[in-house]
Structures are given as C-alpha cells and as structure tokens.
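I have placed the structure first, in the form of structure tokens, so that the comments after it can refer back to it.
Protein chains: 2
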Amino acid sequence: MSPTPDAKRPAGRPRSALLSRDRILQAAFALSDEQGGEFTLAAVARSLGVRPQALHYYFPSREALVAAMRGQLTLRIGDHGFIDRPWFEAVHGWAFAYRETLGRHSGLIAALATLPVAGEPESIADYERIAASFARDGYPEHLILPAIVALESFIIGSALDALAPADNLRPHGGAAQAPVLAAAEQSASRAAAAAESSVIDLTFTFGLRALVAGIREAGAVTTSGSEAH
Amino acid sequence: MSPTPDAKRPAGRPRSALLSRDRILQAAFALSDEQGGEFTLAAVARSLGVRPQALHYYFPSREALVAAMRGQLTLRIGDHGFIDRPWFEAVHGWAFAYRETLGRHSGLIAALATLPVAGEPESIADYERIAASFARDGYPEHLILPAIVALESFIIGSALDALAPADNLRPHGGAAQAPVLAAAEQSASRAAAAAESSVIDLTFTFGLRALVAGIREAGAVTTSGSEAH
DNA sequence: ACCTGAACACCGTTCAAGT
DNA sequence: ACCTGAACACCGTTCAAGT
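Residue numbers (the numbering used here), protein chains in the order written: chain A, 738 to 966; chain B, 738 to 966.
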C-alpha cells in the first residue's frame, strides 16, 4: 500500500507533495473497506507512508476528514435515474447502491454514526435532485422531506444491521428458549434459500418495498383528502 | 457524581466493594445521557471515583460493557402491549419508546453502532415477545423476522438522524442553490409548527406509519395471494 | 476478593523546526 | 508550501502488588 514502506524520509518539504486531499480521501476509503475497518488517522497515515500529523495539513481534524468522506459517499452512490423516472422506481436502485456502498466501507458506518449528518454541498445537491423528483411527481410538498429522511433512516439502519453476524437472532438456547423466534428464523432462512438470496437481502428488499408503498399511499391520501381547502 | 471526588484511596481491597456490575452500568447510562455523551471507560471510572482498571474486574473489555448496556436497553424501552394488543397497534408505543430511549442516551448510539447487534438474552426475550405477537395475529411466518428487523432498522436509523442539527438540510446557499429542497424544508417546518410538533418528530411519525402500513399490506397480500399452494 | 500503581501500545492534536 | 520530530493529554488493557 505505502509507496515507501520503511524508508524514513528526512524532515523538510518534499520536492513534490506526497499528499493531497484526494489522495488522503482515497486511502481513507480503501482503509474503511471490508476487513475490520479500523478507521484511524494513524492507519490512514501509515498506508500513505507519512506521519499522522501530515494529514492535519489537509484536514484540520479527524472529524473534517470523515465529513469529507461523507461528501464523497453521495458521489460513489451515484445517480439512479431520479431525473427521468418516477421517484418510486428510481428509489430502489438508489437504496441498494446506498446500502451496498455503506456495506463496502463498513468501517465508515461507525464513523458516520458518530458524526451528525451535516450539510456538505455534495449531499445538498443530492437531496435537491431527489426532492425535485418527488415534486415533479406531484408528491405533497410538506411530505417530501419526511419521505426522503424516512428512506435514508431505513437505509442507514439497515446498513448497520447488515454488520451483525447472520445468525444474530438465532437464540442460543434453541427453540426451547424462544420457540416462535426460532421458527420464524428458520422459515425466513428457507425462504431466502428458495429465492437463492440471503435473509439480510430479503429483509432489506421487503422493508424497502413496504416503506415505499406506505410513503406512496400517504402522499396519495393527503393529496386527495384533508389537505384540500 | 463521584462519592469521594479527590480522596486518593490506598491500594488493597476495600472493606466493602465499591463497584458492582449494576453500579457500573448505572454510571455508564448516566454518562451517555444527553450532554455530548463522550462514552469512555475512563469517564465512567471517574464518575465512580475509581481507576479505569477497576472496571476490568467486572467487565473484561469495553465491548463487554457496551453489550451489557444494550441488554439493559430493551428493559428500559419496556413492554408496550404486544401481548394483548395487535402488533400494528403496540408497535407505535414501542417504536417511540425505543427512539426516545436511544435519544436520551445519545452517546450510546454511536457505541452501539460500532458493535454488531449481538444476541443478548434480554434482546432475544424481547424479540420472542414481539415475534409471538405477529404470529398470533396471523402474519406470514417467513416475513415476521424481516418485518421486525425492518422496523428496528428504521428506528435506529431515525435515532441517528435525530442527532443531527435541526437545520441540517437547509442549504447554506439558500433557495438559489437548491430551490426545491428549500421549499420542501419550509413547507415541512410550517406543517410542524401548525401541528405544534417538530420536523424531526413529524418525520418519524410519518415514516413509522408508512412502514407499518406497508408491512401490513405485504403480509396480507402474501397470505391471500401467491403463497398458497 | 477487589482495588491501586506502574507500564504498554495506541490515539488525535499542537507546535516548532527543516527545506 | 509541505512535511518530520518532539511533546501533550488521552485512551483501553495487562500485570503485579497490596489488603
């Protein structure tokens, strides 16, 4: 990973800059990938072959780096057709990409969780795009933000859940300790196997469909109902 | 907070134990309350008037303490009538208590997020109770776990979202930068003010209702539809 | 049994110094 | 401008020692 692993470079300005905001962000994302994902400034610095303090030249604090990573997140999730498709169609691809991106950088999830979701310019642009999709489709204006926030809450919560081991809810005591739960778990496992999928993925799909259906319904009810005056 | 703030006690076994698992848990919850909520072993030890290493006598690691706290969480959330009411009624009180409990111990949310949601006995008992409620109401067995997990994912995600500042999605550049988002935000704020509530609470209620409605629908569809054979 | 003291590896951050 | 060295306060954890 590091360009010059052990070579102790001397003090003083290097002939050409070793770092940049982009290079640091790239290394940070690489580190938050899959394995364990201990996300520390020191680890990022190690992978870049520099001392930890060097990072402070580009990011004032660890928090600032994490914030920048979240800005990048929306770019990595990508556009998913909110502009030319109904929101309730585009939302599925977006949600899956969102969760997959979070899952791929599991170390980041915890770091993001500790930092209140702030308004980076990239995030704002993303929300604007999605909000415009809802508005264009005639969704009640005062419910657009609640709908988007509810979807995002579900996605982030699901990403957190996906970090847990798969046999998470399998009671240790077996069926004797929690018979209904054990039966439900087995039944879900069989359904997942039959669908050649996993319980985790089926659960996410199920929840997302349910939430989207509920959100559509709520918008329709309000539009033709008590909202008129 | 600490019983003897500065008094440096000598080494050696105290005449009566200063600590216990319960006392440590209580202090840990008190610390994760509201303000900033820096949750560290050192801080817990400080509030108890002992050295950090003393805690290791009762909990092998910081992770073990956090796991014990999560076990306590379900107790603090409490029962909400899943036994004698339909799940789709009881779920509202449960969800609000869940989110409020998480919100009251905001420091804990981050700690929980870093630790995969494991199967403590208390949590298992809680899931069993809720799963039994679904089963009794005739919900399709293979969808019970997906339904519960989806609800919990939404609740935890919402609790995380509630940590963010309220004007989170208000674009800094104003309406010029993100006109639709700005309008949606104002519209939601007005609706919240009219309901004498907050955008955060309205959003949570909205999302919860939508998700519950979608989950009910999905269960009904499956029962009377393609599942039969 | 139940705590302190000392010690370790680690972390984020500040500040001076070097080129 | 762009990095290292030294230094600081902090963290979790281990282990010996004290009663």
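Positions of the beta carbon are idealized from the N, C-alpha and C atoms, including for glycine.
Ignore the nearest five residues each way along the sequence and tell me which others in residue i's own chain have a CB closer than 8 Å to its CB.
i: A780 of chain B; result: L768
i: Q809 of chain A; result: L762, F766, E859
Roughly how far, in whole angstroms, is the beta-carbon of residue i from the beta-carbon of residue j, given that I think they are within contact range, below 8 Å?
i: T940 of chain A; j: P883 of chain B; result: 4 Å
i: L785 of chain B; j: R760 of chain B; result: 7 Å
i: A985 of chain B; j: V936 of chain B; result: Outside the shown range of chain B (738 to 966) lies residue 985 of chain B, about which nothing can therefore be said.
i: E889 of chain A; j: R807 of chain A; result: Rounded, the Cβ-Cβ distance is 12 Å, inconsistent with contact.
Please return the same chain residues whose Cβ sits closer than 6 Å to the Cβ of residue i, not counting the five positions on each side in sequence.
i: S860 of chain B; result: T811
i: S839 of chain A; result: One detail in the question is off: residue 839 of chain A reads as Leu in this sequence, not Ser. So the list reads I846, A896, once near-sequence residues are dropped.
i: R758 of chain A; result: Y795
i: L945 of chain A; result: A832
i: A814 of chain A; result: It is Ile, not Ala, that sits at residue 814 of chain A in the sequence shown. Cβ within range, chain order: A834, Y835, T838.
Buried or exposed for residue i, going by 16 or more other Cβ atoms inside 10 Å?
i: I820 of chain A; result: exposed
i: T777 of chain A; result: exposed
i: V958 of chain B; result: exposed
i: H879 of chain A; result: buried
i: S895 of chain B; result: buried
i: G749 of chain A; result: exposed
i: A850 of chain A; result: buried
i: G875 of chain A; result: exposed
i: E922 of chain B; result: buried
i: S753 of chain A; result: exposed
i: S843 of chain B; result: buried
i: I952 of chain B; result: buried
i: H909 of chain A; result: exposed
i: A913 of chain A; result: exposed
i: A932 of chain B; result: exposed
i: S870 of chain B; result: buried
Put residue i into one of helix, strand or coil per three-state DSSP.
i: I820 of chain A; result: coil
i: G894 of chain A; result: helix
i: A913 of chain B; result: helix
i: R750 of chain A; result: coil
i: H842 of chain B; result: coil
i: L939 of chain A; result: helix
i: L906 of chain B; result: coil
i: P797 of chain B; result: coil
i: E775 of chain A; result: coil
i: S926 of chain A; result: helix
i: Y876 of chain B; result: coil
i: G830 of chain A; result: helix
i: L900 of chain A; result: coil
i: A932 of chain A; result: coil
i: R758 of chain B; result: helix
i: L852 of chain A; result: coil
i: G944 of chain B; result: helix
i: V709 of chain A; result: Nothing in the structure corresponds to residue 709 of chain A, since chain A is present only between 738 and 966.
i: S857 of chain B; result: It should be pointed out that residue 857 of chain B corresponds to Glu in this sequence rather than to Ser. Three-state DSSP puts E857 of chain B in coil, outside helix and strand.
i: S870 of chain B; result: helix
i: G786 of chain A; result: coil
i: G815 of chain B; result: coil
i: D863 of chain A; result: helix
Using a Cβ-Cβ cutoff of less than 7 Å, which residues in the same chain neighbour residue i once the five nearest sequence positions on both sides are dropped?
i: A847 of chain B; result: none
i: A782 of chain B; result: R788, P789, A791, L792
i: A929 of chain B; result: S935, V936, L939
i: P823 of chain A; result: D874
i: P751 of chain B; result: none
i: V828 of chain B; result: L888, V949
i: G956 of chain A; result: Y876, P877, L880
i: H817 of chain B; result: A827, G830, W831, A834
i: E775 of chain A; result: G844
i: A915 of chain A; result: P908
i: A764 of chain A; result: V781, S784, L785
i: R746 of chain A; result: none
Considering only their Cβ atoms, is the gap separating residue j from residue i smaller than 8 Å?
i: L906 of chain B; j: Y864 of chain A; result: yes
i: E826 of chain B; j: A950 of chain A; result: no
i: F943 of chain B; j: F891 of chain A; result: no
i: I881 of chain B; j: A899 of chain B; result: no
i: L948 of chain B; j: A901 of chain A; result: no
i: V917 of chain A; j: A872 of chain B; result: yes
i: D770 of chain B; j: R841 of chain B; result: yes
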